[in-house]
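These protein sequences, in sequence, are chains A and B. Throughout, our numbering is defined as the position within the first sequence, counted from one, plus 71. Throughout, our numbering is defined as the position within the second sequence, counted from one, plus 1439. To start, the structure under review is shown below, and the notes come after it.
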Amino acid sequence: MMLNIITIPQLPIGDYFENFIRFLQRHFDFFFEGVNVVIRMAVHNIDRLLMLLPGLIVILIFALLAWWASSKWLGLFTFIGLLVVYSMGFWSSAVSTLSLVLVSSIIALLIGIPLGILAAKSDRIGSVIRPLLDFMQTMPAFVYLIPAIILFERGAVAGTIATVIFAMPPVVRLTNLGIRQVPTDVIEAAKSLGSTGKQLLLKVQLPISLPTIFAGINQTIMLSLSMVVIASMIGAGGLGQDVRSALSRVDIGFGFEAGLAVVILAMIIDRITQSFGEKAEN
Amino acid sequence: MTELEVKNLYKIFGSNPNEARKLAEEGVPKDKILKETGNTIGVNNVSFKVEKGETFVVMGLSGSGKSTLIRCLNRLQDPTFGEVHVNGRNIVTLNKQELRDLRRTKMSMVFQNFGLFPHRSVRRNVDYGLEIQGIGMEERKKRAYEALKLVGLEGYEEMKTTELSGGMQQRVGLARALVLDPDILLMDEAFSALDPLIKRNMQDELLELQEKVKKTIVFITHDLDEALKLGDRIAVMYEGSVVQIGTPEEILTEPANDYVRDFVENVDRTKVLTAESIMKKPLAVVDSREGPKAAIRRMEKEEISSIYVVDKSRILQGVVDIEDAKRLADKGVKSLKSILKSDYDTTALDTRIIDLLPLASRTNYPIAVIDDKQRLMGVIVRVSVISGISREGVDNDA
């Protein structure tokens, strides 16, 4: 009974957050509109470009890319894998997914790598960024979708933004880690020879940490792919939408096919980016 | 000429260096200062001068502050108090640009774990320092090849550094420092990561190289043998302070305190002590203008059976036996010339005892120690070679 006397006031954190989002929506509309236009254009143009060419040609191009990046075996795997995706009837969905992954990965890397560098260069910035990354990574992915559709255009743009937020942490973390792992005596050697800060970063720290950074890039791209599928909830399109429609119709066969297409895409992207990392190592 | 001078240098880690310095000046020990103020004394009021062309070794165990000290010299770490003068200019007050210029032209550093750039070839490691100065490809390549030749890495220029052995990697590190043609070379435990055999080779080669390039070298080591071998002078560090500065022989024969004495106790003295330190002043010599009678008198007085003969500028002429001298005196000959023998052994002042051992075992006469003008500076009898090896013998002679 005593316990009832002590009442803990309820913190309306949810309300605060909503107000914050509404505030952004009201006062920074021009910014979000600009972002909308750029992302929409990018996603649609890549999509259009890939669909402009006959599917077989695009598949061949990807197979050659895989061959060049890694081995003829990966080239062969890419060729057969994409052919399977095509023959299951998921080609246009796969292309949409690919353009979403491409655009959101590029944005995530463009923001994430410099952020990782900053975090490595300054302990203070690093300690601010870390909890932020924890937040971005552990907040359930679906939750991003809600403010995303308020601030951005429903569909591809909101999906891309949610994907960027979800997929960015690995590349930030691994860029930070890679630079911090460069041995002290190598840094000291570079400094003792009279390097400027910029020369130290560009000629020593980044090249040496490249393999680790590539591992981060690979992770970010893989996370983009998985988030893009979830983003179909807000109409982002692509393979995710096929998975979702299979789910709503309880269509086992269609669901498996759509899922398989995601897996094939994931494996190809993973192996290609990984082999870039190995190239960097040599 | 003084190339490098360190004046009252302190490096104190922590937020209250002034207080820590005050305590240190009062002689409070390092760990007590840490407990009281939370500050760590890295380098405690160190001063020394290094002459141009000198190899100055800073020796101490790990934690003695020697690595911190050398990093204060090119400001990889900034001194908390004190001054570092390079050619009379205090470099502690230099701004970033001036400091970079100093590092690019005046002083280079060689690191314990080499600090090579794993993503660059041997040549590109060496030319890094030139590249960041904006020097063109052709000249860079030329100078890198020259530097690599100097350290004996001809033919390895285009290899990866990871394909090289430890000793070779450190040669790359050395070439990378030398390519900038600095006046001062800072070597931080440069050979400590190498196998003992390789290490000795590298030491020998550094000595040879130093003959050619004549740099001013500050060499950090925890290895006393290395310090004694390389150093013209040695500074012994303990808990951040320099406890003694002196030549290798001074450190060995006149340790400033118990710490240094403990340190030098187990040294192989034969490799360090030289002929000069165990020779006796040549009290018993005859002038070549004197006759056999004078020679006999002196030998009988000193109770010896042979005596060295020098001319008026003390240049060694030969040795005479007491029997020969007596025979000559009986015949009434005035000059020693006819009985002068030359089957004695000579040695230079800086010959190490270990190299005297073979001479000592075969010679019939005491070994004659001569300087570069053939003047007799001293003699070494067999027994003092033996006793020179053991510490007591040296102390008795000194």
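Cβ coordinates follow ideal geometry from the N, Cα and C atoms, glycine included.
Of all residues in the region 1641–1665 of chain B, none is placed with a Cβ closer than 8 Å to any Cβ belonging to chain A.
From the beta-carbon of A/V275, the residues of chain B found nearer than 7 Å are F1556.
The beta carbon of A/E224 does not come within 9 Å of any beta carbon belonging to chain B, so the residue lies off that interface.
In the DSSP secondary-structure assignment, B/T1544 is not bridged to any residue.
When CB distances to chain A are screened at a threshold of 7 Å, the residues of the region 1508–1523 of chain B falling below it are N1513 and L1515, in chain order. The alpha-carbon separation between A/A302 and B/R1543 amounts to approximately 54 Å. Sixteen is the threshold: since fewer than 16 other Cβ atoms of the shown chains lie within 10 Å of the Cβ of A/H98, the residue is exposed. B/H1524 and B/K1535 have their C-alpha atoms roughly 17 Å apart. Looking only at B/I1574, B/P1731, B/T1660 and B/N1803, the smallest Cα-Cα distance to B/S1503 is reached by B/T1660. Going by beta carbons, B/L1755 and B/T1786 fall outside the 9 Å limit. The region 1457–1475 of chain B and the region 1634–1642 of chain B do not touch, with fewer than 3 CB-CB distances between them shorter than 8 Å. In this structure, B/F1658 sits away from B/L1648, with a CB-CB distance that is not shorter than 9 Å. The C-beta of B/S1547 comes closer than 9 Å to at least one C-beta of chain A. One Cα belongs to B/S1716, the other to B/L1512, and the distance between them is close to 34 Å. For A/S319, the enclosing alpha helix (DSSP H) stretches over residues L310 to R320.
Counted as a single uninterrupted DSSP element, the beta strand (DSSP E) harbouring B/F1658 occupies residues T1655 to T1660.
Here B/N1564 carries a helix assignment [DSSP, helix/strand/coil].
Judged by beta-carbon spacing, A/L281 lies within the 9 Å limit of A/A351, meaning their Cβ atoms are closer than that value. Against chain B, the CB of A/T267 has a partner CB under 9 Å away; the residue lies at that interface. If you ignore the 5 residues before and after B/M1738, its C-beta comes within less than 8 Å of the C-beta of A1723, S1744, S1745, I1746, I1761 and A1764, all in its own chain and listed in chain order. Contact check for B/P1731 against B/K1780 fails: the beta carbons are separated by 9 Å or more.
For B/D1794, there is no enclosing beta strand (DSSP E); the enclosing alpha helix (DSSP H) covers residues I1792 to R1801. Remark: fewer than three beta-carbon pairs, one from each stretch, lie closer than 8 Å, so the region 124–134 of chain A and the region 257–273 of chain A are not flagged as touching.
CA-to-CA, the gap between A/E328 and A/I339 works out to about 17 Å. Residue burial is scored here from C-beta neighbours: A/F150 has at least 16 other C-beta atoms within 10 angstroms and is therefore classed as buried.
Cα atoms of B/R1766 and B/P1721: separation of roughly 25 Å, rounded to the nearest angstrom. Under the DSSP assignment, B/E1493 falls outside any alpha helix (DSSP H); it carries neither an H nor an E label. In the DSSP annotation of this structure, the continuous segment of the beta strand (DSSP E) that includes B/F1452 starts and ends at T1441 to F1452. Contact between the region 329–349 of chain A and the region 282–292 of chain A is present: three or more C-beta pairs spanning the two stretches fall below 8 Å. Contact annotation: in the region 1568–1581 of chain B, residues whose CB is within less than 8 Å of a CB in chain A are G1568, E1570, I1571 and Q1572. About 12 Å separates the beta carbons of B/A1666 and B/Q1683, which is beyond the 8 Å limit, so they are not a contact pair.
Spatial neighbours of A/I182 in its own chain (CB-CB distance under 7 Å, excluding positions within 5 residues in sequence) are listed in chain order as M239. Among the bridge pairs identified by DSSP, B/Y1747 is matched with B/V1724 and B/V1758. Taking C-beta atoms as the reference points, A/G306 and A/R251 fail to come closer than 9 Å. Under DSSP, B/F1487 takes part in a beta bridge, and its partners are B/V1445. In this structure, B/A1807 lies near B/V1758, with their beta-carbon atoms less than 9 Å apart.
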